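Residue numbers (the numbering used here): 11 to 194.
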């Protein structure tokens, strides 16, 4: 009986140590991801990159919540003044990709912050309307953006965020055309 109890306690300690190791490694991986600049997952669907990225920066799905992507995809015939309508199969594939990887479903550092900055009923139609993104850009004078032909508007993420295409929006990687490195 005593041997069985001793063996059970050893097994319990082994299981607890294993669980602790798993949680520790997950925390380290998450921290490592943030250190490596994985703020949002990069846009990875080739169809999305081709169809949407041919007209503008292929915004990562983690920059908006699912409700926003659903509404944007439902209005492609008048997509910010342009007709961006797609074949139904392409539209469905892109929409599914965007919804599945949206900020409110993502685990990356900034995507989570983006989702948390929104009220449940809030459906921003532009990334530049997301409270977290508005907050992060609050100190930039509009003349630096609008008066700069190399930028034009805050929606041109990759004009200043040198690694935006990889999903990294670190302040250390900001280089404003005509102004240089930007520090808060």
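For every residue, glycine included, the Cβ atom is placed at its ideal position computed from N, Cα and C.
It should be emphasised that the depicted structure is a prediction, and the values quoted were computed from it without experimental measurement.
Per DSSP, residue 58 is one residue of the alpha helix (DSSP H) stretching across 56-61. Rounded to the nearest whole angstrom, the C-alpha separation of residue 119 and residue 143 is 13 Å. Taking 8 Å as the upper bound for CB-CB distance, residue 75 and residue 128 are in contact here, some 6 Å apart. Cα atoms of residue 171 and residue 147: separation of roughly 12 Å, rounded to the nearest angstrom. Per DSSP, the unbroken alpha helix (DSSP H) holding residue 83 starts and ends at 76-84. By the C-beta criterion, the segment 173-182 is judged to be in contact with the segment 49-67, since at least 3 inter-stretch pairs fall below 8 Å. Look at residue 93 here: in three-state DSSP terms it is coil, with no helix or strand label.
Rounded to the nearest angstrom, the Cβ distance from residue 81 to residue 133 is 6 Å, consistent with a contact under 8 Å. In this structure, the CA atom of residue 60 is about 31 Å from the CA atom of residue 192. Rounded to the nearest whole angstrom, the C-alpha separation of residue 189 and residue 121 is 27 Å.
DSSP, read as helix, strand or coil, puts residue 144 in helix.
Looking from the CA of residue 52, the closest CA among 92, 77 and 111 belongs to 111. According to the DSSP secondary-structure assignment, residue 171 is paired through a beta bridge with 184. When the Cα atoms are used, residue 48 and residue 179 turn out to be separated by approximately 8 Å. Partner residues in a beta bridge of residue 117, as assigned by DSSP, do not exist. For residue 99, the uninterrupted alpha helix (DSSP H) run begins and ends at 98-110, by DSSP.
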